Every structure is written in C-alpha cells, then in structure tokens.
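Below: the structure, in structure tokens.
Residue numbers (our numbering): 14 to 334.
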C-alpha cells in the first residue's frame with residue numbers, strides 16, 4: 014500500500030505553511046522576518062540558478078539551490094560555527110595548548126563544500142588543510158569556495174574516499190543533502206533504509222587507506238594537528254585503514270551516528286579502533302544540546318551505542334590519544 018500523501022495533500026500542506034510564514038513575516042514573529050524572507054527568496058531562486066552565495070563573517074560560501082541544507086544555510090545568513098568552536102575549545106582544554114591548530118595541518122575527511130577547511134585556515138590559524146572529498150558535485154562547490162575566499166594555496170584537495178582498503182568503492186548519492194553521500198559497504202547498507210537510501214544512485218570512486226596516502230607521501234602525517242571526519246557511518250572503516258597514522262598520537266574529531274554506523278557495518282570497527290589508539294573520548298553530545306561535554310575512557314566507548322541508539326540522533330566526539 015502506498016502511504017505517501019497525495020499531491021493534493023502536499024499542495025494543501027505547502028499552502029498552509031506559506032500562509033503561516035506570511036503572517037510571521039508581516040508581524041516579524043520572534044524576529045524571523047529576515048530569515049523567512051531569505052528562505053522564500055532561496056526557494057524562488059531554484060528556478061533560475063543552481064547556486065547562491067551566502068556570507069558567514071568574512072567568508073563567503075556558495076551553496077546549491079537544489080538542497081534543503083542550502084536553504085537552511087542561506088536562511089540563517091551563514092553556517093553555524095558553534096560546533097567547531099566548541100570542539101576546538103575542548104581540544105585546547107584537554108591538551109593544554111591555547112591554539113591547538115596554530116601552524117598545524119588539518120585533515121578534513123569528507124570535505125564537502127569546504128566549510129571546515131576554510132574555518133581552520135581562516136579562523137583557527139591552521140597552516141594548511143587537506144580536504145578529502147569524492148563527490149563531483151561537492152568538488153565543484155569546494156573549488157569555487159576556495160577560490161572565492163583566496164584559499165586555493167591553503168587547502169589541498171584529494172579527490173577520493175578514505176576507507177579500510179585501496180581500490181574503488183560505491184558512493185551513494187543523496188538527492189537532498191550533499192552532506193549525506195555515503196560509501197556503500199555491503200548487504201546492510203544496501204537494505205531498505207529509513208529514508209530510502211537503497212534507491213540512491215551509485216557512483217564508483219577511488220578509495221585509499223590513510224596509511225597508504227602517508228606511505229606514498231601524499232600526506233605528511235607528522236604535520237597533522239587534527240583529523241576531522243564526517244563520513245556518514247564510514248568512520249570505522251576510515252580508522253581501520255589508518256593504524257600507522259593514528260600511532261603518531263593525532264587527535265580526531267568525528268560524528269558518532271549509530272544508525273549510519275550500523276548500516277555500514279562499521280560500529281564495532283569504530284569501537285575497536287578507538288580502544289586501540291585513544292585513551293579518552295570527549296562526548297560533545299548532539300550539536301543542538303545544551304548539556305556540557307562528558308569525558309569517558311576509550312575502553313568504555315561501546316556505552317555510546319546505547320546512549321545514542323535513536324536513528325535521528327548523533328553526537329560529535331573528540332578522541333584524545
């Protein structure tokens with residue numbers, strides 16, 4: 014049985030939402046007028062342009078008008094930098110280094126459109142960044158954003174996916190969110206998912222182990238000050254291919270998303286790598302949480318699987334050697 018809402022129901026819902034927003038704009042409900050006007054402009058612009066530019070402080074980012082994430086970024090007049098600021102502050106607190114990225118290199122795994130890399134070199138004093146990104150649509154915006162912000166010499170791009178083996182992998186392409194492209198790893202990740210991931214288009218992309226890139230001189234592991242990773246459930250596979258690099262004692266920031274890790278069959282891979290290479294885990298919680306960070310022993314990392322067992326909840330983790 015098809016339980017999807019009818020076209021008429023969808024249209025009525027859209028009309029009701031637009032009417033509600035029109036009232037909010039008219040009375041400037043809770044100061045939302047500008048945001049709602051920007052979102053309305055963004056929606057209209059989809060008919061005329063594939064991208065728009067949005068300023069975030071002294072940085073400018075080009076976003077796709079085809080994606081919901083772009084609408085949110087444009088409506089909010091830029092990206093929410095608090096999560097990165099909080100993580101860098103936590104790294105400073107736990108390492109005793111006031112500016113932990115100063116004159117270091119950031120490895121940005123899942124570089125997307127360049128936000129993390131640009132913040133690192135422009136806000137936090139990183140000497141350089143390396144953005145690892147396999148998706149062609151993201152790469153186009155990444156290059157454009159680096160050029161727009163005069164950072165083409167500061168951020169190097171590697172067009173590939175990091176994994177636990179060298180060769181090629183299948184990349185699931187999300188039609189709604191360029192930040193949710195995922196590496197398909199096996200039967201579990203091809204099974205019916207909560208948002209129909211099994212129906213996504215697939216693209217073959219180059220895959221490498223991080224250790225391979227270090228051995229071949231593509232990456233100088235000794236220069237890395239931080240590894241930043243957002244790969245939608247593939248984190249366990251990436252760390253499994255990075256034993257030699259992680260042995261150098263480099264902190265790692267990653268997203269812990271139980272649903273994505275389970276689909277990628279990477280939950281235990283991730284737990285195992287964390288137990289072997291790190292001593293402490295700073296659980297920053299979900300980005301929208303007001304709860305303070307908590308610190309657990311790396312040996313107890315599996316307890317997070319129970320804490321974050323809902324498919325719509327994830328947390329940022331800082332892994333400390």
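Beta carbons: idealized from backbone N, C-alpha and C, even for Gly.
Since the structure is predicted, the reported quantities are computational estimates derived from the model, not experimental observations.
Beta carbon of residue i, beta carbon of residue j: below 9 Å?
i           : j           : result
residue 253 : residue 196 : no
residue 267 : residue 248 : yes
residue 243 : residue 122 : yes
residue 237 : residue 263 : yes
residue 292 : residue 333 : yes
residue 128 : residue 55  : no
residue 72  : residue 132 : yes
residue 118 : residue 141 : yes
residue 255 : residue 184 : no
residue 297 : residue 99  : yes
residue 96  : residue 329 : yes
residue 294 : residue 310 : yes
Considering residue i, what are the terminal residues of the alpha helix (DSSP H) in which it resides?
i           : result
residue 275 : 271-276
residue 302 : Note, residue 302: premise wrong, no alpha helix (DSSP H); not H, not E.
residue 105 : 95-108
residue 258 : 256-259
residue 319 : 317-320
Taking residue i and residue j to be in contact with their CB atoms under 8 Å, please state how far apart those CB atoms are, rounded to whole angstroms.
i           : j           : result
residue 134 : residue 168 : 6 Å
residue 290 : residue 177 : At roughly 14 Å, the Cβ-Cβ gap does not stay under 8 Å, so residue 290 and residue 177 are not in contact.
residue 163 : residue 146 : Incorrect: roughly 19 Å between the Cβ atoms, too far for contact.
residue 78  : residue 51  : Not quite, the Cβ-Cβ distance comes to about 12 Å (not below 8 Å), so this is no contact.
residue 180 : residue 220 : 6 Å
residue 172 : residue 157 : Going by Cβ atoms, the distance from residue 172 to residue 157 rounds to 15 Å, so no, they are not a contact pair.
residue 211 : residue 203 : 6 Å
Which term fits residue i, buried or exposed, when burial requires 16 or more other beta carbons within 10 angstroms of its beta carbon?
i           : result
residue 108 : exposed
residue 198 : buried
residue 160 : exposed
residue 165 : exposed
residue 40  : Any reading at residue 40 needs caution, since the residue's pLDDT is 45, under 50, leaving its predicted position unreliable; the model's value is listed next. It is exposed - the Cβ of residue 40 has fewer than 16 other Cβ atoms within 10 Å.
residue 259 : buried
residue 88  : buried
residue 331 : buried
residue 217 : exposed
residue 139 : buried
residue 321 : buried
residue 70  : exposed
residue 224 : buried
According to DSSP, what are the bridge partners of residue i?
i           : result
residue 127 : Note: residue 127 sits in no beta bridge, so no partner.
residue 183 : 197, 217
residue 121 : 144, 241
residue 293 : 310, 333
residue 75  : 66
residue 169 : 143
residue 341 : For the chain, the structure presents residues 14 to 334; residue 341 sits outside this window and is missing.
residue 174 : 220
For chain B, check one thing: does any of its Cβ atoms lie closer than 9 Å to the Cβ of residue i?
i           : result
residue 186 : Structure shown: chain B not included; a single protein chain is present.
Would the beta-carbon of residue i be found less than 8 Å away from any heavy atom of the ligand ZN?
i           : result
residue 238 : This structure lacks the ligand ZN; in fact it carries no ligand of any kind.
If you follow the beta strand (DSSP E) that residue i is part of, which residue opens it and which one closes it?
i           : result
residue 139 : Residue 139 -> no beta strand (DSSP E), and no H or E assigned at all.
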